[in-house]
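Protein chains: 2
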Amino acid sequence: MIPKFIEHIGIAVENLEESIAYYENVLGLSCYAIEEVKDQKVKTAFFKVGQTKIELLEATSDDSPIAKYIAKKGPGVHHLAFAVDHLEEQLKTIENKGVDLIDKTPRKGAEGLDIAFLHPKSTNGVLTELCENKQQ
Amino acid sequence: MIPKFIEHIGIAVENLEESIAYYENVLGLSCYAIEEVKDQKVKTAFFKVGQTKIELLEATSDDSPIAKYIAKKGPGVHHLAFAVDHLEEQLKTIENKGVDLIDKTPRKGAEGLDIAFLHPKSTNGVLTELCENKQQ
């Protein structure tokens, strides 16, 4: 596998509205989508900078993974997502290398991408996502 | 300001050698430089993925900012750096918007870039760097 680019950077925030205002008013980016992902108990806002999306994540419930992350570490970068080809094969290859997978096979993520997460204990502390865009 | 792309992602790691092995052997990236930055008390390793560099940061001393970060939050993404033009003017503009700057004027960073950090209390918890490449 050679990742093609950083597909997105997931950032845990305490207040989505305030964070959107910062990314728009200070950094000059444009929020192009706001979406609630009910099964993950998050509300998300998307920005694009070069090849990479910034995905802000606000918990919608105290038992959301994002609420737990902020309680432990404070707001900040929650995960990195790499764009790859042939995701299903890549997962088998890296599992054979001893990497602990959260998703052993791809599942559907935002924007129709196929996604899978690697466990941070296998990735030096960075929750890591691999994404394939089969629509391209 | 509209950032052009994510210039790099700084990742605090506990062990540079082990982390380089993960990025090379699992993700398939190539480490193209290892550099010690004595005044920051860090040893760094660089990879490129698309437009963006990954900069791994290992503390070389217990009073390194990276050692303090890991003691507080564990290993993970330490900062995000955006590529911008006209950095000096941008800093004045965003300071006027109430953003707390760590560097009020640009200073020299790795690879000859002009850089400045914004304080995470003004950026929703993400230590944020702006970079200008005047050599381009």
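Chains A and B supply the protein sequences, listed in that same order.
For what it's worth, the numbering used here labels the leading residue of the first sequence as 1282, then goes sequentially.
For what it's worth, the numbering used here labels the leading residue of the second sequence as 1282, then goes sequentially.
Idealized CB from N, CA, C, for every residue including glycine.
Where do the ends of the beta strand (DSSP E) carrying residue i lie?
i: A:Leu-1411; result: 1409-1413
i: B:Val-1330; result: 1323-1330
i: A:Val-1318; result: 1314-1318
Counting along the chain, where does the alpha helix (DSSP H) carrying residue i start and finish?
i: A:Thr-1374; result: 1368-1377
i: A:Glu-1299; result: 1297-1306
i: B:Ala-1348; result: 1346-1354
Using the Cα positions of residue i and residue j, report the straight-line distance between them to the nearest angstrom.
i: A:Leu-1337; j: A:Gly-1379; result: 31 Å
i: B:Asn-1377; j: B:Gln-1417; result: 28 Å
i: B:Asn-1414; j: B:Ala-1364; result: 8 Å
i: B:Ile-1301; j: B:Lys-1285; result: 27 Å
i: B:Lys-1354; j: A:Thr-1374; result: 31 Å
i: B:His-1289; j: B:Gln-1321; result: 17 Å
i: A:Thr-1409; j: B:Glu-1299; result: 16 Å
i: B:Lys-1389; j: B:Phe-1398; result: 12 Å
i: A:Ser-1342; j: B:Val-1407; result: 22 Å
i: B:Tyr-1303; j: A:Asn-1405; result: 8 Å
i: A:Leu-1382; j: B:Val-1307; result: 12 Å
i: A:Leu-1394; j: B:Cys-1312; result: 28 Å
i: A:Val-1323; j: A:Glu-1295; result: 11 Å
i: A:Ile-1283; j: A:Tyr-1350; result: 29 Å
i: B:Gly-1291; j: B:Ala-1348; result: 14 Å
i: A:Ala-1372; j: A:Asp-1384; result: Per the sequence shown, residue 1372 of chain A should be read as Leu rather than Ala. Answer to the nearest angstrom: the Cα atoms are 9 Å apart.
i: B:Pro-1356; j: B:Asp-1366; result: 31 Å
i: B:Leu-1411; j: B:Glu-1370; result: 12 Å
i: A:Asp-1344; j: A:His-1400; result: 19 Å
i: A:Glu-1316; j: A:Thr-1325; result: 5 Å
i: A:Gln-1332; j: A:Leu-1310; result: 13 Å
i: B:Ala-1340; j: A:Glu-1339; result: 31 Å
i: B:Val-1330; j: B:Glu-1305; result: 12 Å
i: B:Pro-1346; j: B:Leu-1297; result: 16 Å
i: A:Ser-1403; j: B:Lys-1402; result: 30 Å
i: A:Ala-1391; j: A:Ala-1352; result: 25 Å
Pull up the DSSP beta-bridge partners for residue i, would you.
i: A:Thr-1404; result: Paired residue(s): none; A:Thr-1404 is not in a bridge.
i: B:Lys-1464; result: Beyond the ends of chain B as shown, which are 1282 and 1417, falls residue 1464 of chain B; an answer cannot be given.
i: B:Lys-1285; result: Answer is none; B:Lys-1285 lacks a bridge partner.
i: B:Glu-1392; result: According to DSSP, which records beta bridges pairwise, B:Glu-1392 is partnered with nothing at all.
i: B:Lys-1334; result: B:His-1289 and B:Lys-1329
i: A:Gly-1357; result: A:Ala-1293
i: A:Leu-1399; result: A:Leu-1382 and A:Thr-1409
Compute the beta-carbon to beta-carbon distance between residue i and residue j, rounded to the nearest angstrom, for a pair I have assumed lies under 8 Å.
i: B:Ala-1293; j: B:His-1359; result: 4 Å
i: B:Pro-1387; j: B:Leu-1361; result: Not really, about 17 Å apart at Cβ, beyond 8 Å.
i: B:Phe-1327; j: B:Lys-1334; result: 6 Å
i: B:Ile-1287; j: A:Ile-1396; result: No, B:Ile-1287 and A:Ile-1396 are not in contact; Cβ-Cβ is about 19 Å, not under 8 Å.
**Asked** Using a Cβ cut-off of 7 Å, which residues of the region 1314-1331 of chain B contact any Cβ in chain A, in chain order?
**Response** Val-1330 and Gly-1331
**Asked** Any residues in the region 1346-1380 of chain B with a beta carbon nearer than 8 Å to a beta carbon of chain A? Which ones, in chain order?
**Response** Lys-1354, Gly-1355, Pro-1356, Gly-1357, Val-1358, Leu-1361, Phe-1363, Ala-1364, Ile-1375, Lys-1378 and Val-1380
**Item:** Residues within the region 1379-1403 of chain B neighbouring chain A, beta-carbon criterion of under 7 Å
**Value:** Val-1380
**Prompt:** Going along the chain, which residues of the region 1334-1346 of chain A sit with their C-beta nearer than 7 Å to a C-beta in chain B?
**Reply:** none
**Near-chain A residues of the region 1297-1310 of chain B - C-beta to any C-beta below 9 Å** = Glu-1299, Ser-1300, Tyr-1303, Tyr-1304, Asn-1306, Val-1307, Leu-1308, Gly-1309 and Leu-1310
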